[in-house]
Amino acid sequence: MTSAAAAPPPTRAKAGARLTATLALLAMIGPFTIDTIFPAFGRIGAEFGRDEVALQQLVSAYLASFAVMSIFHGPLSDALGRKRVMLGGLAIYTLAMIASAFAPSLEVLIALRLVQGASAGAATIVSRVVVRDLFSGPQAQRLMASIMMIFSVAPALAPILGGWVLLLGSWRLVFWAIALYAIAVIVLTALLPETLPPGERTPLKVRAILASLLRVGSSGTMLRLAIASAFAFAAQFLYIAGASIFVTGLLGLGEQDFWVLFVPLIIGMMAGAWVTGRVAEIVPRTRLITLALAATVVTCLVNVVLTLIAPAYDGELGAGLLVAVIGPMLIAFTVALMFSPIQLEILDLFPHERGAAASLSTFFSLVLNALLAGAIAPLVMVNLTSTAVASLVFVVVSISLWTWHHRRGARRSG
Numbered sequence: 000m001t002s003a004a005a006a007p008p009p010t011r012a013k014a015g016a017r018l019t020a021t022l023a024l025l026a027m028i029g030p031f032t033i034d035t036i037f038p039a040f041g042r043i044g045a046e047f048g049r050d051e052v053a054l055q056q057l058v059s060a061y062l063a064s065f066a067v068m069s070i071f072h073g074p075l076s077d078a079l080g081r082k083r084v085m086l087g088g089l090a091i092y093t094l095a096m097i098a099s100a101f102a103p104s105l106e107v108l109i110a111l112r113l114v115q116g117a118s119a120g121a122a123t124i125v126s127r128v129v130v131r132d133l134f135s136g137p138q139a140q141r142l143m144a145s146i147m148m149i150f151s152v153a154p155a156l157a158p159i160l161g162g163w164v165l166l167l168g169s170w171r172l173v174f175w176a177i178a179l180y181a182i183a184v185i186v187l188t189a190l191l192p193e194t195l196p197p198g199e200r201t202p203l204k205v206r207a208i209l210a211s212l213l214r215v216g217s218s219g220t221m222l223r224l225a226i227a228s229a230f231a232f233a234a235q236f237l238y239i240a241g242a243s244i245f246v247t248g249l250l251g252l253g254e255q256d257f258w259v260l261f262v263p264l265i266i267g268m269m270a271g272a273w274v275t276g277r278v279a280e281i282v283p284r285t286r287l288i289t290l291a292l293a294a295t296v297v298t299c300l301v302n303v304v305l306t307l308i309a310p311a312y313d314g315e316l317g318a319g320l321l322v323a324v325i326g327p328m329l330i331a332f333t334v335a336l337m338f339s340p341i342q343l344e345i346l347d348l349f350p351h352e353r354g355a356a357a358s359l360s361t362f363f364s365l366v367l368n369a370l371l372a373g374a375i376a377p378l379v380m381v382n383l384t385s386t387a388v389a390s391l392v393f394v395v396v397s398i399s400l401w402t403w404h405h406r407r408g409a410r411r412s413g
């Protein structure tokens, strides 16, 4: 009898709601790990006697270790199979999350966040590769867009759930809640078939893994695309990484009010993902990326203008808050238009080493995200306008790299 692990992957006709939901829940591990604890920052800081800058290391430590290990999760899945790597990473992640609920100091908590980051990528990175294992072309873009729509709920839902959990008691309950989520994801992942047959796997040798990473990482095309993707996403992620500064500092709101930022972000991300799925067979992928990046420049400029006319905020919920969050919502919309197509563009560069390609692409994005959380966000989020200008700078870098890449491709084909 064929085991579940060795079962053939579902056909395109059979791939449906359960597959989409499971892959989306795997991808959501990342934002749940980051965003759920934001409302607890105040209580964690009060218990351990630490300031906002020190607390931001809970985010940057997670992102930094995620980035380092992201280099290896993809190649390991190329060698061992997708499912084994995802389940192993999720098990370690869950144990580290439970241990966080007992952390006696901020230093121990930061150390456990390093473990969480090192293991979480096994779920989020490899789940993206599974999509490309099963589908190609417009079908892959539609599935990625559907996953993105569900995934988009996470950044908005996570801090809201974190705030609700705090109503029940200590900040330590937040880590218990995330651990329960991870256990549920483990069960669903165990039901997935293996999508990389043994005959298509690479040798499990350090030299082979390093050679694969070197081949992918030495590609100028891959580097341009990966860094362009990282900077485009940073235009939106700046607001997520600095959510506690933005909501409680710049807007003067409380630990139950993170929805003010994250609900508009989720609306923008879901709308962008929906449009991406609908135009998959109408607009060529490279054309969609170009249009999305150009639109992101426009939305970032609109955001700068809106911050210049925004009223002073005193911590009260009111219509004036719309001026502060419309810009981030528009940026989230246009970034979502670009995200799935450019990820598929990167994966298609290396059909036999998709895991390595996904790993290195994620590495560049997470290194930048870690810098955003630990250094850039506290530095640039002095006021709404400085935050908006920083977001604009990121997308200008992105579209410059994409234009360079696109022109090189046009010259080669011409």
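For the sequence shown, numbering that gives the first Met the number 0 gives the first residue as 0, with consecutive numbering after it.
C-beta: ideal position from N, C-alpha, C; glycine also.
Just so it is clear, the structure is predicted and the values come from calculations on it, not from any experiment.
Between the segment 57-70 and the segment 189-203, the count of C-beta pairs closer than 8 Å stays below three; the two stretches do not touch. By a beta-carbon distance limit of 8 Å, R284 does not contact L222. Their separation comes to about 19 Å.
In terms of Cβ geometry, E352 and V128 do not form a close pair [threshold 7 Å].
Burial state of N368 is buried, judged by a 10 Å Cβ sphere holding 16 or more other Cβ atoms.
L18 is the residue among L18, A227 and V304 whose C-alpha sits nearest the C-alpha of F134. Measuring C-alpha to C-alpha distances from L113 to each of A95, A122 and I36 identifies A95 as the nearest. By the criterion of a C-beta distance shorter than 6 Å, F393 is surrounded in its chain by F230, A233 and A234, once the five residues flanking it on both sides are discounted. Sixteen is the threshold: when 16 or more other Cβ atoms of the shown chains lie within 10 Å of the Cβ of A78, as they do, the residue is buried.
Straight-line measurement puts the Cα of S228 at about 37 Å from the Cα of F101. Between Q140 and A279, the CB-CB gap stays under 7 Å. The shortest C-alpha to C-alpha distance from L400 to any of A225, T201 and S104 is the one to A225.
Taking a contact as a CB-CB distance under 8 Å, the pair G87 and H72 does not count as one, their CB atoms being some 10 Å apart.
Going by DSSP, L348 is part of no alpha helix (DSSP H) at all; its letter is neither H nor E. Comparing C-alpha distances from M148 to each of V379, A272, V322 and A294 shows the shortest one belongs to A272.
DSSP places Q55 outside any alpha helix (DSSP H), giving it a letter other than H or E.
Excluding five sequence positions before and after L383, the CB atoms of its chain that fall closer than 8 Å to its own CB belong to L249, T306, A309 and A323, given in chain order.
Closest option to L212, judged by alpha-carbon separation, among F261, A39 and A356: A356. If you look at F31, you'll find it in the alpha helix (DSSP H) that goes I28 to D34.
The residue from A98, G326 and L316 with its alpha-carbon nearest to that of N302 is G326. Between A155 and F245, the C-beta gap is not smaller than 7 Å, which leaves the two residues out of contact. Within its own chain, the residues whose Cβ lies closer than 7 Å to the Cβ of T21, once the five positions on either side in sequence are excluded, are L187, T188 and L191, listed in chain order. Taking 7 Å as the cut-off, the beta carbon of M27 is found closer than this to the beta carbon of F150.
By the criterion of a C-beta distance shorter than 6 Å, L75 is surrounded in its chain by V84, once the five residues flanking it on both sides are discounted.
In chain order, V215 and A356 place their CB closer than 6 Å to the CB of F349, counting only its own chain and leaving out the 5 sequence neighbours on each side. In the DSSP annotation of this structure, the continuous segment of the alpha helix (DSSP H) that includes K82 starts and ends at R81 to S99.
Beta-carbon to beta-carbon, T386 and L237 are separated by about 7 Å, close enough to satisfy the 8 Å threshold. Ranked by how close their Cα comes to the Cα of S99, the residues A121, I177, G136 and P30 have I177 in first place. In this structure, DSSP gives E193 a state outside helix and strand, which the three-state scheme calls coil. Membership of S360 in the alpha helix (DSSP H) is indicated by the continuous run R353 to L370. Setting aside the 5 residues that flank it on each side, T32 is surrounded in the same chain by Y61, Q115, A119 and I177, each with a C-beta closer than 7 Å to its C-beta; the list follows chain order.
In terms of Cβ geometry, T333 and A294 form a close pair [threshold 7 Å]. Here V130 is not near P377, since their CB atoms are 7 Å or more apart.
A residue is called buried once 16 or more other Cβ atoms fall within 10 Å of its Cβ, and G136, having fewer, is exposed. DSSP places D256 outside any alpha helix (DSSP H), giving it a letter other than H or E.
In its chain, beyond the 5 residues on either side, A225, I226 and A229 have a beta carbon closer than 6 Å to the beta carbon of F363.
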